[in-house]
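Structure first, then comments.
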Amino acid sequence: MKKYKDFVCVGFAFALSTVSCEAKNDAKIHVSQLGYTPNSDKKAMVVPDGKVDSFYLCDAASGKICYRGKLSPKKYWDLSGEDLQWADFSSYDKSGEYYLSVGGKKSYNFTISSKAYDDLTLWAHKTFYLWRCGIDCTEEFSNFHGQSYAHKAGHPDVNVIVHPSAESAGRKAGSTVKSPGGWYDAGDYGKYTVNSAIALESMLMSAEAFPSFYKNFDMEIPESTNNTVDVLDEAMYNLEWMLTLIDTVDGCVAHKVTTKRFVPMVLPAETNVQRYMIGKSTATNYGFAAIMAKASRLYKNNPDYPDFSEKAMRYAKRAYEWAEKNPGIIFHNPDSIGTGSYTARFPEQFRFWADVELYLATKDKKYIDLTAIDTFQYDVPTWQLPASFALMSLIVGVENNMVDGDLKKKTELHFDKLANLLYDRMEKDPGRFPLFKFEWGSNGGLANAGTILLLQYKKTGDKKYLKAAQDITTYMIGRNATGYCFVTGFGQKSPMFIHDRRSTGDGIAVPVPGLLAGGPTLDAIRDCDTYVYNYDHPKSEYPTREYPARAYNDEICSYSTNEVAINWSAPFLMLLAGINENSK
């Protein structure tokens, strides 16, 4: 693409600074609504209205032109059903507030600033505090720009009934157990072992991969005054709950703690329906073993949690042994249960993940089969397919000199292939989309893709991977076919009616801040046709039932596109931590 000279808005006698951007607002110029850091790639997605070939970067206060550039040639994006052009102003790095003008239309205002993502990064982390089960979330730690999101504790979970599906050697059906704490999983009030392990993997990996960022990062949570980095304090709140799930007699780990059916859209303290410990499966045990082994390593010799590391490793091994003795057990909801199933159909992926984490924690080679790493087709990890999380953990181990020999060679080979698969998809796709498809929770998949590219940048030093990760970040905060910043409380156009019981029940117009909406997908576009919840808001139609990149519906009923979940928010906070560590 032909490059135009960039201009400072003042100081040049002949310059474009004397020219004003006369433009009207237009929803078809998609920018990062929170802006760009000065040294990042800066791109905007334009859906052209007629024939246009130039764009202008304009000072938001004066309207004067600061930079002009040529739009890329028009290309059709079959995932959005639109012609696209790109405005690239990466070479412009002057801090300030701007908008883009294209063909007489203008974008939302945005900043170029080294602090563009500071508040977003804080709340992407801090929102996990507001997900805590069983405690009062107090105003001191719940204030967002003057609005309190404090709420009373719900679900103490000290009288949980063991469902017949969870019965094990030391836990009889119908007996009661204590299972307090942990995070609510998503828009409901369930606590799920598989998804908790997945979310914790991203959170703990973030702490390990980006220690410089976390060294002085204050999440403003109750534990912030101790000596542990805050992200590990927050993770501990969920880890301690997970320890309640194992039967110490035989090592069986329960699959979830929920009610029998989803409860109404009210605050946690406003529902007291009986809760149950439900289910067991091979994958559940392997996932528990994986995250406890990882946590045992990261909290070793931590004076704030002196007994945790040894206990976590002991329970990890017990859970692993149970899974080895009970292969092929797949959890499905019993007839009496209607909460999330998290049916993990590929326990071999969970076993590989557990093997990797146990090896990294113990250095016991019995956990590593060098042929296993060649077994999987690696792509962006999901809660169903965590093998790529194991590969990511290994590559962090390589960077920290914990992996060597043939295992190191194989790890680097497979990780290079994975990172380049994602990078090449972005470069070839007209919409710069790195995933195989817009699956349910596409924003979580994008966040995971971004973290993989960041780890590849750390490994190689090649800035093309960092720029790709930066580009993914801008997608999630506005530079996408829907025009939404997908994070609640941020941007000029963000989700207002997310599928989240706290946000619906609190009576506050703006949802709980810092939550990442699931994002576009065509996987379940009839959710708003068939589900009715207790809220007074007219339902709108999906904008499309044909083009997945635009298939997003900001409605409470749209659990497929507009729910929130810990396994989507966790890689998003990791992505932002890495961007902050490497982009300032």
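At the far end of the sequence shown sits residue 647, using our numbering, and the numbering has no gaps. Every residue, glycine too, gets a C-beta built ideally from N, C-alpha and C.
Can you find a CB in chain D that lies within less than 8 Å of the CB of residue i?
{"i": "D492", "result": "Note that chain D does not occur in the displayed structure, where there is just one protein chain."}
Using the rule of at least 16 other Cβ atoms within 10 Å of the residue's Cβ for burial, across every protein chain shown, is residue i buried or exposed?
{"i": "L433", "result": "exposed"}
{"i": "G570", "result": "exposed"}
{"i": "Q98", "result": "The sequence given here has Gly at residue 98, not Gln. Label assigned to G98: buried."}
{"i": "N597", "result": "The predicted model places N597 with a pLDDT of 46, which falls under 50 and marks its position as unreliable; any figure quoted below should be read in that light. Exposed."}
{"i": "V110", "result": "buried"}
{"i": "D251", "result": "buried"}
{"i": "T345", "result": "buried"}
{"i": "F499", "result": "exposed"}
{"i": "V459", "result": "buried"}
{"i": "N543", "result": "buried"}
{"i": "A482", "result": "buried"}
{"i": "Y139", "result": "exposed"}
{"i": "R324", "result": "exposed"}
{"i": "T288", "result": "exposed"}
{"i": "H208", "result": "exposed"}
{"i": "K106", "result": "buried"}
{"i": "E145", "result": "buried"}
{"i": "Q337", "result": "exposed"}
{"i": "D418", "result": "buried"}
{"i": "Q148", "result": "buried"}
{"i": "K491", "result": "exposed"}
Residue i lies in the alpha helix (DSSP H); which residues open and close that run?
{"i": "S135", "result": "From DSSP, S135 is part of no alpha helix (DSSP H); its letter is neither H nor E."}
{"i": "F635", "result": "629-645"}
{"i": "E271", "result": "256-272"}
{"i": "W503", "result": "Where W503 is concerned, there is no enclosing alpha helix (DSSP H), given that its DSSP letter is neither H nor E."}
{"i": "S164", "result": "Here S164 belongs to no alpha helix (DSSP H); instead the beta strand (DSSP E) covers 159-165."}
{"i": "F191", "result": "Counting along the chain, F191 falls outside any alpha helix (DSSP H), and DSSP gives it neither H nor E."}
{"i": "T624", "result": "622-625"}
{"i": "R613", "result": "No alpha helix (DSSP H) contains R613, which DSSP labels as neither H nor E."}
{"i": "V419", "result": "410-425"}
{"i": "A450", "result": "450-462"}
{"i": "S566", "result": "564-568"}
Going by the DSSP bridge assignment, what does residue i pair with across the sheet?
{"i": "H214", "result": "C200"}
{"i": "K106", "result": "D151"}
{"i": "T239", "result": "I224"}
{"i": "R234", "result": "S231"}
{"i": "F207", "result": "Q210"}
{"i": "E145", "result": "W140"}
{"i": "Y99", "result": "I175"}
{"i": "I17", "result": "Since the displayed the chain opens at 64 and closes at 647, residue 17 lies outside it and no answer follows."}
{"i": "W246", "result": "R195"}
{"i": "L579", "result": "V550"}
Which first and last residues belong to the beta strand (DSSP E) in which residue i is found?
{"i": "V223", "result": "223-225"}
{"i": "D122", "result": "117-122"}
{"i": "T174", "result": "173-175"}
Quick one: does the C-beta of residue i sit closer than 7 Å to a heavy atom of the ligand MN?
{"i": "R381", "result": "By its list of ligands, the structure shown contains no ligand whatsoever, and the ligand MN lies outside what it can speak to."}
Contact the region 626-637 vs the region 242-262: 3+ CB pairs below 8 Å: The region 626-637 makes contact with the region 242-262, as at least three CB pairs between them are under 8 Å.
Unbroken stretches of the beta strand (DSSP E), 3 residues or longer, contained in the region 301-360: Qualifying beta strand (DSSP E) stretches, in chain order: 319-321, 339-341.
Segment contact, 8 Å Cβ cut-off, at least three pairs: the region 309-321 with the region 245-260: Touching, yes, given that three or more Cβ pairs across the two stretches are closer than 8 Å.
Any 3 or more C-beta pairs closer than 8 Å across the region 170-189 and the region 131-139: Flag = no, the region 170-189 and the region 131-139 do not touch.
Three CB pairs or more closer than 8 Å across the region 569-587 and the region 498-507: Contact between the region 569-587 and the region 498-507 is present, with at least three C-beta pairs closer than 8 Å.
Inter-stretch contact at 8 Å, needing at least 3 Cβ pairs: the region 327-340 / the region 208-215: Touching, yes.
Ordered list of alpha helix (DSSP H) runs contained in the region 473-559, each at least 4 residues: Counting only runs of 4 or more, we get 505-523, 526-539.
The region 284-302 touching the region 188-201, judged by at least three CB pairs closer than 8 Å: Under the 8 Å Cβ criterion, the region 284-302 counts as touching the region 188-201, having at least three qualifying pairs.
Cβ contact (3+ pairs, closer than 8 Å) linking the region 511-528 and the region 605-615: Touching, no.
Complete runs of the alpha helix (DSSP H) confined to the region 356-404 [at least 4 residues]: For the region 356-404, whole alpha helix (DSSP H) runs of length 4 or above, ordered along the chain, are 371-388.
Touch test, the region 466-483 against the region 281-296, Cβ-Cβ under 8 Å, three pairs minimum: No: the two stretches stay apart, fewer than three of their Cβ pairs being nearer than 8 Å.
Inter-stretch contact at 8 Å, needing at least 3 Cβ pairs: the region 442-452 / the region 376-394: Contact fails: fewer than three Cβ-Cβ distances are below 8 Å.
contact_flag[the region 100-120, the region 167-178] where n(CB pairs < 8 Å) is 3 or more: A contact between stretches requires three or more CB pairs, one per stretch, nearer than 8 Å, and the region 100-120 meets this requirement with the region 167-178.
contact_flag[the region 156-173, the region 117-131] where n(CB pairs < 8 Å) is 3 or more: Taking 8 Å as the limit for Cβ pairs, the verdict is that the region 117-131 does touch the region 156-173.
Touching by the beta-carbon criterion (3+ pairs, under 8 Å), the region 307-317 and the region 227-246: By the Cβ criterion, the region 307-317 is in contact with the region 227-246, since at least three pairs of Cβ atoms, one from each stretch, lie closer than 8 Å.
Any 3 or more C-beta pairs closer than 8 Å across the region 364-379 and the region 395-411: No: the two stretches stay apart, fewer than three of their Cβ pairs being nearer than 8 Å.
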